[in-house]
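Residue 8 is where the sequence shown starts when you use our numbering, and the numbers rise one by one after that.
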Amino acid sequence: MSSSSDPEKPHLAFLPSAGMGHLKPFCSLAAALSERGCDVSFISVQPTVSAAESCHIADFFAAFPRIRRLDFDLVAYDPSGFASTDPFFLRVEAIRGSAHLLPALLASSSPPFSALVIDIFLASTCIPIAAAIGLPSYIWFISSAAMLSLLACFPTCSPGVSDFEIPGLWRVPKASIPRALHNLSHPFTTQFVENGRILPKASGILVNTFEALEPVALAALNRGKVAPGLPPVIAIGPLQAASLGHEGSPLSWLHGQPARSVVYVCFGNRTAMSKEQIRELGVGLEKSGCRFLWVAKSKIVDREDGEVELEGLLGEGYLERVKHRGLVVKGWVDQEEILRHRAIGGFLSHCGWNSLSEAALHGVRVLGWPRGGDQRVNAEVVARSGLGIWVEWSWDGEEEVVMGEEIGERVRQLMEDDGLQASAARLGEEAVKAVAADGSSGKGLAEFIGMLKMR
8 MSSSSDPEKP HLAFLPSAGM GHLKPFCSLA AALSERGCDV SFISVQPTVS AAESCHIADF
68 FAAFPRIRRL DFDLVAYDPS GFASTDPFFL RVEAIRGSAH LLPALLASSS PPFSALVIDI
128 FLASTCIPIA AAIGLPSYIW FISSAAMLSL LACFPTCSPG VSDFEIPGLW RVPKASIPRA
188 LHNLSHPFTT QFVENGRILP KASGILVNTF EALEPVALAA LNRGKVAPGL PPVIAIGPLQ
248 AASLGHEGSP LSWLHGQPAR SVVYVCFGNR TAMSKEQIRE LGVGLEKSGC RFLWVAKSKI
308 VDREDGEVEL EGLLGEGYLE RVKHRGLVVK GWVDQEEILR HRAIGGFLSH CGWNSLSEAA
368 LHGVRVLGWP RGGDQRVNAE VVARSGLGIW VEWSWDGEEE VVMGEEIGER VRQLMEDDGL
428 QASAARLGEE AVKAVAADGS SGKGLAEFIG MLKMR
């Protein structure tokens with residue numbers, strides 16, 4: 008299984024983990040490689056956790072009929088022994104627990120595979136399994152190169168997490184390290200360490216970033232400063248989302264707004280706020296005086312979120328008061344279509360990496376409000392690169408409510424900062440250059456395809 012029957016057309020298997028934040032970039036890379044002449048099979052784990060995932064998968068295969076669909080039926084998983092009740096983490100555990108079924112699934116496809124492209128959450132389980140059948144594994148790392156650096160050197164961490172110095176990069180304050188990692192016996196931490204340790208066993212690591220955004224981190228990773236023995240780390244971003252041909256009501260509303268006048272407010276597909284914080288955010292957007300498009304979310308899983316009406320979330324009369332300069336929506340939106348729209352002038356974001364890479368691609372300045380996970384590390388990239396600013400507001404597990412007056416003031420500052428807009432626009436120009444065929448990321452993608460053809 009180490010090479011396909013046509014060496015000029017590598018055959019790749021893609022295996023994402025759970026959640027739209029992981030699914031979308033996997034679909035985008037699969038589509039990009041298919042369009043560049045690779046033979047692509049996409050492993051679809053069913054059923055999905057969220058309705059958004061299910062719809063996206065269906066639309067993806069309809070839009071790219073050349074990509075094969077391989078359904079992966081998981082074995083029954085008992086979540087009682089896992090410390091988290093997060094449905095997405097539980098799905099990751101179920102995939103890891105079913106990984107022994109992958110060889111049979113991969114063997115059923117023709118032509119034979121050239122490589123397996125996996126999510127970092129699955130690395131420690133899937134890389135050895137792929138190696139046992141002679142199949143190279145590549146990691147598609149969908150966070151920042153800075154976060155990859157933390158992952159690579161974290162296994163050397165001594166008991167008791169404190170401020171953490173990333174060799175060749177910068178010091179990460181204890182408050183910015185994902186909360187689960189503060190407990191070295193937590194199952195998530197165990198996985199994080201295992202995935203960090205197995206990085207040298209991968210054939211390569213693809214990262215959704217570009218040179219102008221993270222030059223220091225990329226150089227440190229590839230020069231062996233961060234950790235010894237890493238495989239090539241190849242920047243191929245910011246990868247554009249696979250176009251599935253949607254145009255929804257938010258875009259129709261944006262068409263009527265002045266250029267660069269709207270702040271887009273979205274905290275990702277997994278970030279939910281308390282009702283009190285949602286209302287204070289609404290107060291802040293109203294007090295800011297700015298036009299805004301706000302994707303409101305009160306539950307982690309959209310199948311549950313659909314039960315909550317906007318009027319109940321935001322308070323009686325809110326939608327009527329803001330209707331002339333604000334639009335509030337619930338449910339899934341095509342974020343990249345929104346960020347590329349001429350009316351968008353700023354982005355209040357949780358600093359999920361997909362969101363930040365899309366903002367960078369379209370030159371949209373960011374006000375970061377990290378909420379958990381890798382997001383404070385990513386927010387530091389925002390500040391250091393000139394893409395935006397971030398505020399150390401309430402974090403994962405903290406009960407503090409940020410008041411509307413403060414939110415409104417920060418939003419207004421973001422939208423009035425012409426210097427920041429110019430800096431973000433410059434990064435957008437660099438991003439466009441990077442993804443061109445002769446740009447740094449365009450060459451990185453060509454390098455990856457070349458590596459596959461050599462096997």
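C-beta: ideal position from N, C-alpha, C; glycine also.
- Within the DSSP bridge table, the entry for R372 names G353 as partners.
- In its chain, beyond the 5 residues on either side, K31, S35, E343 have a beta carbon closer than 7 Å to the beta carbon of A248.
- Separation of G26 and D425 (C-alpha to C-alpha, rounded to the nearest whole angstrom) is 35 Å.
- A distance below 8 Å separates the beta carbons of L261 and A350.
- Sixteen is the threshold: when 16 or more other Cβ atoms of the shown chains lie within 10 Å of the Cβ of T216, as they do, the residue is buried.
- Across the structure, V336 and G231 are spaced so that their CA atoms are roughly 46 Å apart.
- Around the beta carbon of S259, a 10 Å sphere encloses fewer than 16 other beta carbons of the protein chains shown; the residue is thus reported as exposed.
- Annotated as proximal: P245 and A438, with beta-carbon spacing under 8 Å.
- In the DSSP assignment, C273 falls within the unbroken beta strand (DSSP E) covering 269–273.
- By alpha-carbon distance to G289, the top candidate from S61, F49, C160, I414 is I414.
- Rounded to whole angstroms, the gap between the alpha carbons of S131 and R332 is 49 Å.
- Considering only D403, G324, G322, P194, the residue with the shortest C-alpha distance to L97 is P194.
- Straight-line spacing of the CA atoms in V389 and R433 works out to 13 Å.
- About 12 Å separates the beta carbon of L237 from that of L225, a gap too long to meet the 8 Å contact definition.
- Fully enclosed beta strand (DSSP E) runs of no fewer than 3 residues occupy 333–336 of the segment 312–346, in order along the chain.
- Here DSSP, grouped into helix, strand and coil, assigns F33 to helix.
- Counting only runs of at least 3 residues, the segment 113–172 fully encloses the following beta strand (DSSP E) elements, listed from N- to C-terminal order: 122–126, 144–148.
- Looking at the backbone, the Cα of P54 and that of A83 are separated by about 12 Å.
- Residue burial annotation: T163 is exposed, with fewer than 16 other C-beta atoms found within 10 angstroms of its C-beta.
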